[in-house]
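If you're matching positions, the sequence shown starts at 274 in my numbering and goes up one per residue.
In this text, a Cβ means the ideal position worked out from N, Cα and C, and glycines have one as well.
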Amino acid sequence: MEHSIHESYVRERKVELVSTARAMLDGTLGLIEGVRRLNDLRFQIDDPDSPVFHTVRVVESDMDEVPVGDIRSRFGQTFLQQKDAEVADYLGSSADDIQRACREIISRFEMNMDGSPAMELRGGEGAETSRGKKL
Numbered sequence: 274m275e276h277s278i279h280e281s282y283v284r285e286r287k288v289e290l291v292s293t294a295r296a297m298l299d300g301t302l303g304l305i306e307g308v309r310r311l312n313d314l315r316f317q318i319d320d321p322d323s324p325v326f327h328t329v330r331v332v333e334s335d336m337d338e339v340p341v342g343d344i345r346s347r348f349g350q351t352f353l354q355q356k357d358a359e360v361a362d363y364l365g366s367s368a369d370d371i372q373r374a375c376r377e378i379i380s381r382f383e384m385n386m387d388g389s390p391a392m393e394l395r396g397g398e399g400a401e402t403s404r405g406k407k408l
C-alpha cells in the first residue's frame, strides 16, 4: 500500500509542476517565483536531477538573492530597485530559455486523465543562454 501512496504523492507533485509551468507561461506567476516553486517541487518527484530541470537550477542559483512576494516588504526601496533592475536585465536575456523550460516540463510531466504520462521526453543537452551559460 505504501507504494501506491508514494506514487499518488509523486503524481500530485507532477500535476503541480505542470500547473506552475503553465502559470509562468500565461503570466499569472512571475518567472522568478515560478522557478523557485519548480525547484522546490523537483525534489518531491523521483527524478529531481532530470535534465528538464537544468534551466530551473541555473536560474534559481543566479537569482537566489532576489526577494519576491511578501518578503519584499522587509527590504528598503533602494535595495529593491537595484534587485528589480538586475531581474529585468537577467530576464531580458533569459526569459525565452525559462519559457522553453516550462514547455519542456509540461511536455514531460503532463498527465492523461488516467494518471499516465501524456508524453515522455528524454532529456538532452541544454541550450546556451545569450549570457553563455549552459541551460
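Member of G303, V291, F352 and S277 whose CA lies at the smallest distance from the CA of V332: Of the listed residues, the one whose Cα sits closest to V332 is G303.
For M336, three-class secondary structure by DSSP: Residue state, collapsed to three classes: coil.
Chain C within 8 Å of V283, Cβ atoms only: Any reference to chain C falls outside this structure, which holds one protein chain only.
Identity of the residues DSSP links to M297 by a beta bridge: For M297, which the question treats as bridged, DSSP gives no partner whatsoever.
Whole-angstrom distance between R284 and S277, CA atom to CA atom: 10 Å
Buried/exposed call for S334, threshold 16 Cβ in 10 Å: exposed
Three CB pairs or more closer than 8 Å across the stretch 316-327 and the stretch 345-362: No, they do not touch.
Q355: first and last residue of the uninterrupted alpha helix (DSSP H) it sits in: Q350 to F382
Proximity of L290 and F382 at Cβ, strictly below 8 Å: Remark: C-beta atoms of L290 and F382 approach each other more closely than 8 Å.
Best match in I305, F326 and M384 for proximity to D362 [C-alpha to C-alpha]: Closest by C-alpha distance to D362, out of I305, F326 and M384, is I305.
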